[in-house]
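Here's the structure we're looking at; comments come further down.
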Amino acid sequence: MSLAVRLGFVYDNCSISRFFDMDRILRLPEVLAVYPIGRSTWYRGISEGRFPRPVKLGSRSVGWRESDICRLME
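With this note's numbering, the residue at position 64 of the sequence shown is 290, and numbering never jumps.
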């Protein structure tokens with residue numbers, strides 16, 4: 227599935243996720259595509275408490291809950 231199709235799914239899926247109580251994990255490129263700011267600005271916002279903290283996926287990978295990103299976009 228292409229990134230554009232997935233991003234459309236993320237944006238359209240905000241209300242669907244709440245209805246089904248499902249939560250996908252989004253990686254940073256997906257997050258920044260729907261919330262268009264720079265990578266360093268995103269991480270600064272996390273440290274300042276303006277943006278949601280990531281979920282640890284492994285020793286060197288993180289992601290964000292789709293529901294957290296949807297709430298941020300509201």
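Cβ atoms here follow ideal geometry from the backbone N, Cα and C, with glycine treated the same way.
- Beta-carbon separation (whole angstroms), Arg291 vs Val281, contact threshold 8 Å: On the sequence shown, position 65 is the one that residue 291 refers to. On the sequence shown, position 55 is the one that residue 281 refers to. Yes, they are in contact, since the Cβ atoms of Arg291 and Val281 sit about 6 Å apart, within 8 Å.
- Just grab the DSSP bridge partners of Leu283 for me. The sequence position of residue 283 within the sequence shown is 57, counting from 1. Per DSSP, none; premise fails for Leu283.
- Message: With H, G and I counted as helix, E and B as strand and the rest as coil, what does DSSP make of Gly264?
- Response: Along the sequence shown, read from residue 1 onward, the residue named residue 264 stands at position 38. Of the three classes helix, strand and coil, the one that applies to Gly264 here is coil, per DSSP.
- Kindly indicate which residue of Pro255, Tyr269, Tyr261, Leu254 has the alpha-carbon position closest to the one of Arg297. Stepping through the sequence shown from its first residue, residue 297 is reached at position 71. Considering only alpha carbons, the answer is Tyr261.
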